[in-house]
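Order-wise, the sequence lines are chains A and B. Just so we're aligned: the first sequence equals residues 44 to 449 in the working numbering. Just so we're aligned: the second sequence equals residues 44 to 449 in the working numbering. Backbone N, C-alpha and C define an ideal beta-carbon position, used for all residues, glycine too. Beneath this line is the structure, given in structure tokens, with notes to follow.
There are 2 protein chains.
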Amino acid sequence: MKIALITIGNELLSGFTVDTNAAWIGNQVIQSGGNIIWHQTIGDSLEEIHASLNQIPIGIKTIIITGGLGPTHDDVTAHALYEFADDTPVFDEDYWTFLQEKLSKRNLKLPEINRNQAMKPGNGKIIPNPMGSARGLHYCVNGQTIIALPGVPGEMKEMMTATILPWIKSQSSQRLIVKTIRTTGIMESGLAEKMGDIVNTIDKNIKIAFLPQFTGVDIRVSGTDKTVVDEKVNEINSHVSKYIYGQDKDRLEEIIGQMLKEKKLTLTTAESCTGGLVGHRLTNIPGSSEHYLGGIISYSNKVKENNLGVDKSTLEQFGAVSSETAKEMAENVRSKLNSDLGLSITGIAGPGGGTDEKPVGLTYIALADGKNTRVKEFRFLSDRMLNKNASAQTALNMVRLYLLNE
Amino acid sequence: MKIALITIGNELLSGFTVDTNAAWIGNQVIQSGGNIIWHQTIGDSLEEIHASLNQIPIGIKTIIITGGLGPTHDDVTAHALYEFADDTPVFDEDYWTFLQEKLSKRNLKLPEINRNQAMKPGNGKIIPNPMGSARGLHYCVNGQTIIALPGVPGEMKEMMTATILPWIKSQSSQRLIVKTIRTTGIMESGLAEKMGDIVNTIDKNIKIAFLPQFTGVDIRVSGTDKTVVDEKVNEINSHVSKYIYGQDKDRLEEIIGQMLKEKKLTLTTAESCTGGLVGHRLTNIPGSSEHYLGGIISYSNKVKENNLGVDKSTLEQFGAVSSETAKEMAENVRSKLNSDLGLSITGIAGPGGGTDEKPVGLTYIALADGKNTRVKEFRFLSDRMLNKNASAQTALNMVRLYLLNE
């Protein structure tokens with residue numbers, strides 16, 4: 044099912060708002076059996092909406108419009124559609140009463156300006172909005188189905204999910220199955236090498252895409268046949284399993300949380316260059332207090348020495364960014380905070396602070412379990428934020444690999 | 044200057060990539076004197092590019108195209124433009140040699156597939172790409188200026204900034220001046236009330252918009268006359284100065300860093316519910332090691348008690364989320380880590396852990412300076428991430444307000 048999308052709003056054209064609705068709709072539609080093949084963004088004006096509707100490529104029978112359904116004078120989508128469909132809207136007394144009662148419960152009075160939100164089509168249909176007052180419109184004009192939704196992301200998503208996507212599914216014989224395999228600790232080229240012939244599939248029914256980020260590479264497998272997609276995912280799994288931490292929306296900190304919980308182990312952190320990012324990520328997961336006890340952000344050398352107990356001589360002899368300091372940090376946070384595992388990160392995040400011998404990006408990560416302490420050296424990038432993110436991800440991955448082998 | 048934008052890419056239509064280029068271009072163009080008034084997204088196909096170029100509304104003489112300039116078979120923008128301009132491209136021997144030499148320095152060989160990146164227009168012009176190998180194209184066809192740039196955000200931005208935006212400025216008599224005033228600690232309605240008549244300006248040359256987020260409200264002032272915009276900004280400043288922490292891209296942690304540096308004061312943190320987020324934000328700023336010494340992430344009660352030294356009886360009598368615990372956390376992190384100021388946060392981030400008496404969102408923030416300790420109670424929201432972000436922002440703002448009054 045070919046679909047055209049029109050997103051309406053001067054704020055989108057001026058770039059003050061990023062059009063995340065379009066991406067969300069495109070992605071949901073493709074997994075429901077549709078395809079956005081044409082997308083236009085226009086300003087809040089009757090003429091532009093008319094012009095846009097008249098430009099829809101021949102062969103597209105479904106049009107989704109978002110934006111311009113609110114109560115203000117900028118919101119002209121409904122008017123444009125009434126005109127386009129040659130329809131006369133009628134006042135919906137019941138809905139007006141409903142809106143008034145809803146607000147009076149909160150001791151508020153509904154302004155008269157909202158009256159246009161109680162208009163409903165004469166010929167077309169209403170699409171309910173469970174979250175807000177601006178309802179959607181559904182018209183059939185000259186063999187085309189036109190759906191108009193509000194631009195507020197939460198409301199649009201709810202209405203798409205409840206009404207529009209099920210309808211697209213019902214109209215489509217096949218839909219795209221999309222699986223994402225999430226990897227970290229290996230570059231795109233390394234993955235491609237290990238995956239060998241799997242990448243060079245000549246099967247037109249399956250598509251494999253690498254999506255590299257600085258914290259890892261996602262492998263996206265898509266196709267219309269679920270069995271073929273699942274087979275391909277399994278094949279990839281068997282070749283690069285070590286680097287895979289999850290699927291689809293899985294987060295590394297979530298996976299680690301589950302593993303720690305299963306093994307009944309606790310974790311603490313000693314962070315220098317990441318400044319608390321690892322603790323922040325671990326505690327983004329509900330229930331993380333079961334396995335993450337806390338940590339010490341030892342940003343200054345004094346805190347490393349006085350509060351984390353790193354030997355003064357270690358700091359003097361090897362420096363704060365060294366394998367030796369990382370080792371003591373991990374061991375000491377483990378013993379001082381009384382956890383099963385202690386994780387430490389120390390590095391030069393940049394932009395300043397680098398030398399020829401110890402350049403920006405040099406990072407040591409250590410993991411102590413009371414018997415052994417592993418320390419690894421990494422050379423990341425020149426950008427501070429990329430270094431913090433790469434360090435945190437690599438540190439979390441070191442915990443994952445440790446737990447995998449335990 | 045009216046401008047049409049065409050962004051090309053199947054990944055944009057399928058929503059696997061969010062079109063952030065369009066927003067960036069729209070925003071830069073508007074501040075250079077242009078206006079994107081029409082934007083279309085299409086797939087990687089010759090026919091669609093032709094159709095799109097033919098749909099540009101009458102009166103638009105400038106067209107910017109991004110995407111589809113790479114070396115793969117999907118990248119068809121250059122071909123479409125050669126056809127549209129009725130031009131025959133020529134092979135650029137110099138550029139091909141340049142590309143080969145560039146790669147051979149890295150011990151790499153340039154694949155033959157890249158030969159099309161060394162083609163250049165017969166009639167049109169080349170737009171240099173300082174960051175990558177795909178150069179831009181510049182054509183004049185039937186009185187229209189067509190500019191094609193690669194879709195890689197870094198390359199596109201560099202080329203826009205170096206070549207296209209200066210040209211737009213040179214063609215435009217007036218451009219939009221945009222100033223953003225960043226506030227926190229007050230809601231949109233509160234700001235509007237305090238600003239009074241400033242908001243209801245009837246001057247058509249100036250526009251004021253509120254952009255509320257959970258961490259604060261940005262006030263955007265825009266207009267074509269710099270003096271008028273500056274006057275309005277000053278007027279707003281004088282009404283709500285207490286809530287303003289910066290302008291435009293300023294970050295709260297950056298402002299605090301400057302203030303601490305000026306006053307030669309150091310800060311440490313004791314974080315419970317924010318789990319390290321405050322430390323992370325403070326250390327995002329280069330040079331933060333001058334004023335931020337570190338902190339203790341006291342996520343579990345044991346760490347609060349054993350490592351941060353919160354009295355066992357305080358925890359038992361008042362609970363971990365209490366004004367009393369927050370007070371001790373701030374005072375103890377200050378004295379243990381030996382800083383001028385100690386900041387603490389303890390709260391119920393949710394989704395679990397709330398009770399009737401202490402619901403999700405209840406948060407205590409304390410700031411100790413060795414003489415006094417301020418503690419404040421807040422009731423945030425029901426969402427974990429929103430609570431963490433609101434808590435961190437409010438805690439940082441408490442430091443800002445303290446330093447402002449010192």
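Segment contact, 8 Å Cβ cut-off, at least three pairs: the stretch 92–104 of chain B with the stretch 130–140 of chain B: No, the stretch 92–104 of chain B is not in contact with the stretch 130–140 of chain B.
Within chain A, partners of residue 44(B) - CB distance below 9 Å: Counting from one through the second sequence, the residue named residue 44(B) turns up at place 1. Among the residues of chain A, none has a CB under 9 Å from the CB of residue 44(B); the nearest is roughly 14 Å distant.
Beta carbon proximity, residue 147(B) to chain E, threshold 8 Å: Protein chains in the displayed structure are A and B, and chain E is not among them.
Given 8 Å, three or more beta-carbon pairs between the stretch 63–79 of chain B and the stretch 44–51 of chain B: Short answer: they touch.
Residue 415(A) to residue 395(A) span [Cα, whole Å]: Working through the first sequence from its first residue, we reach residue 415(A) at position 372. Working through the first sequence from its first residue, we reach residue 395(A) at position 352. When only Cα atoms are considered, residue 415(A) and residue 395(A) end up about 33 Å apart.
DSSP three-state assignment for residue 82(A), whether helix, strand or coil: Working through the first sequence from its first residue, we reach residue 82(A) at position 39. The answer is strand: DSSP assigns residue 82(A) an E or B state.
Run of the alpha helix (DSSP H) containing residue 138(A), from where it starts to where it stops: For this step, residue 138(A) is matched to residue 95 along the first sequence. Residue 138(A) -> alpha helix (DSSP H) spans 136–148.
Selected residue, minimal CA-CA separation from residue 55(A), among 52(B), 73(B) and 406(B): Along the first sequence, one-based indexing puts residue 55(A) at 12. Ranking 52(B), 73(B) and 406(B) by Cα distance to residue 55(A) puts 73(B) first.
Per-residue contacts from residue 98(A) into chain B (C-beta, under 8 Å): For the purposes of this step, residue 98(A) is identified with residue 55 of the first sequence, where counting begins at 1. Contacts between residue 98(A) and chain B, judged by CB atoms closer than 8 Å, involve 98 in chain order.
Inter-residue spacing [alpha-carbon to alpha-carbon] between residue 338(B) and residue 326(B): Along the second sequence, one-based indexing puts residue 338(B) at 295. Along the second sequence, one-based indexing puts residue 326(B) at 283. The alpha-carbon of residue 338(B) is positioned some 11 Å away from that of residue 326(B).
Buried/exposed call for residue 265(A), threshold 16 Cβ in 10 Å: One-based indexing of the first sequence puts residue 265(A) at position 222. So residue 265(A) ends up on the buried side.
Meets three-Cβ-pair contact criterion under 8 Å: the stretch 233–242 of chain A and the stretch 265–280 of chain A: Yes, since at least three Cβ pairs between the stretch 233–242 of chain A and the stretch 265–280 of chain A fall closer than 8 Å, the two stretches touch.
Proximity winner among 102(B), 103(B), 61(B) and 104(B), relative to residue 84(B) (alpha-carbon distances): For the purposes of this step, residue 84(B) is taken as the residue at position 41 of the second sequence. Out of 102(B), 103(B), 61(B) and 104(B), 61(B) has the C-alpha closest to the C-alpha of residue 84(B).
Contact list for the stretch 56–82 of chain B against chain A, Cβ threshold 9 Å: From the stretch 56–82 of chain B, only 56, 57, 58, 59, 60, 61, 62, 63, 65, 66, 67, 68, 69, 70, 71, 72, 73, 78, 79, 80, 81 and 82 have a Cβ closer than 9 Å to chain A.
Any 3 or more C-beta pairs closer than 8 Å across the stretch 398–415 of chain A and the stretch 331–351 of chain A: Too few Cβ pairs lie closer than 8 Å, so no.
Where residue 276(A) sits in the DSSP three-state scheme: As a first step, residue 276(A) must be located in the first sequence, where it is residue number 233. The three-state secondary structure of residue 276(A), taken from DSSP, is helix.
Same chain, Cβ closer than 6 Å to residue 168(A), five either side skipped, listed in chain order: By 1-based counting over the first sequence, the position of residue 168(A) is 125. Around residue 168(A): 181.
Short CB-CB distance (under 8 Å) between residue 113(B) and chain A: As a working mapping, residue 113(B) is identified with position 70 in the second sequence. So no, residue 113(B) is outside the interface.
Run of the alpha helix (DSSP H) containing residue 346(B), from where it starts to where it stops: Position 303 of the second sequence holds residue 346(B). In the DSSP assignment, residue 346(B) falls within the alpha helix (DSSP H) that extends over 344–349.
Straight-line gap, residue 316(A) to residue 370(A) (C-alpha atoms, nearest Å): Along the first sequence, one-based indexing puts residue 316(A) at 273. Along the first sequence, one-based indexing puts residue 370(A) at 327. A straight-line Cα-Cα distance of about 15 Å links residue 316(A) and residue 370(A).
Span of the beta strand (DSSP E), counted from its first residue to its last, around residue 232(A): The residue labelled residue 232(A) in the question sits at position 189 within the first sequence. It is not in any beta strand (DSSP E) - residue 232(A) instead sits in the alpha helix (DSSP H) that spans 231–238.
Touching by the beta-carbon criterion (3+ pairs, under 8 Å), the stretch 426–443 of chain A and the stretch 293–312 of chain A: Flag = yes, the stretch 426–443 of chain A and the stretch 293–312 of chain A touch.
Identified DSSP bridge partners for residue 163(B): By 1-based counting over the second sequence, the position of residue 163(B) is 120. Per DSSP, the beta-bridge partners of residue 163(B) are 133(B).
DSSP beta-bridge partners of residue 264(B): Locating residue 264(B) in the second sequence gives position 221, where the first residue counts as 1. Beta-bridge pairing links residue 264(B) to 222(B) and 251(B).
Secondary structure of residue 158(B), DSSP reduced to three states: For this step, residue 158(B) is matched to residue 115 along the second sequence. In this structure, residue 158(B) counts as helix in the three-state DSSP scheme.
Beta-carbon gap between residue 202(B) and residue 172(B) smaller than 8 Å: In the second sequence, residue 202(B) corresponds to position 159, counting from 1. In the second sequence, residue 172(B) corresponds to position 129, counting from 1. The answer is yes: Cβ separation under 8 Å.
Contact list for residue 320(B) against chain A, beta-carbon separation under 7 Å: Looking up residue 320(B) in the second sequence gives position 277. Close to residue 320(B), with beta-carbon spacing below 7 Å, are these residues of chain A in chain order: 319 and 323.
Minimum Cβ-Cβ distance from residue 346(B) to chain A less than 8 Å: Counted from its first residue, the second sequence places residue 346(B) at position 303. Residue contact with chain A for residue 346(B): present (Cβ-Cβ distance below 8 Å to some residue of chain A).
Opposing strand residues paired with residue 367(B) [DSSP bridges]: Taking the second sequence and counting its residues from 1, one reaches residue 367(B) at position 324. According to DSSP, which records beta bridges pairwise, residue 367(B) is partnered with nothing at all.
Spatially closest choice to residue 195(B) from 385(B), 111(B), 345(B) and 413(B), by CA coordinates: As a first step, residue 195(B) must be located in the second sequence, where it is residue number 152. It is 111(B) whose Cα lies nearest to the Cα of residue 195(B).
Contact set between residue 394(A) and chain B, taken where Cβ atoms lie within less than 9 Å: Translated into the one-based positions of the first sequence, residue 394(A) becomes position 351. Near residue 394(A) (Cβ distances below 9 Å), the residues of chain B are 329.
Contacts around residue 397(B), its chain only, beta-carbon distance under 8 Å, and the 5 residues preceding and following it disregarded: For the purposes of this step, residue 397(B) is identified with residue 354 of the second sequence, where counting begins at 1. These residues qualify, in order along the chain: 391, 403, 404 and 405.
C-beta contact flag for residue 288(A) and residue 417(A) at 8 Å: To locate residue 288(A), count along the first sequence from 1; it is residue 245. To locate residue 417(A), count along the first sequence from 1; it is residue 374. Going by C-beta atoms, residue 288(A) is not nearer than 8 Å to residue 417(A).
Beta carbon proximity, residue 379(A) to chain B, threshold 8 Å: Residue numbering aside, residue 379(A) sits at position 336 when the first sequence is read from its first letter. Using beta-carbon distances, residue 379(A) counts as an interface residue toward chain B, with a partner under 8 Å.
As assigned by DSSP and simplified to three states, the class of residue 151(B): Your numbering for residue 151(B) matches position 108 in the second sequence. DSSP, reduced to helix, strand and coil, places residue 151(B) outside both helices and strands of the structure shown, so it counts as coil.
Under 9 Å by beta carbon: chain B residues contacting residue 428(A): Residue 428(A) sits at position 385 when you count from the first residue of the first sequence. Chain B residues near residue 428(A): 327.
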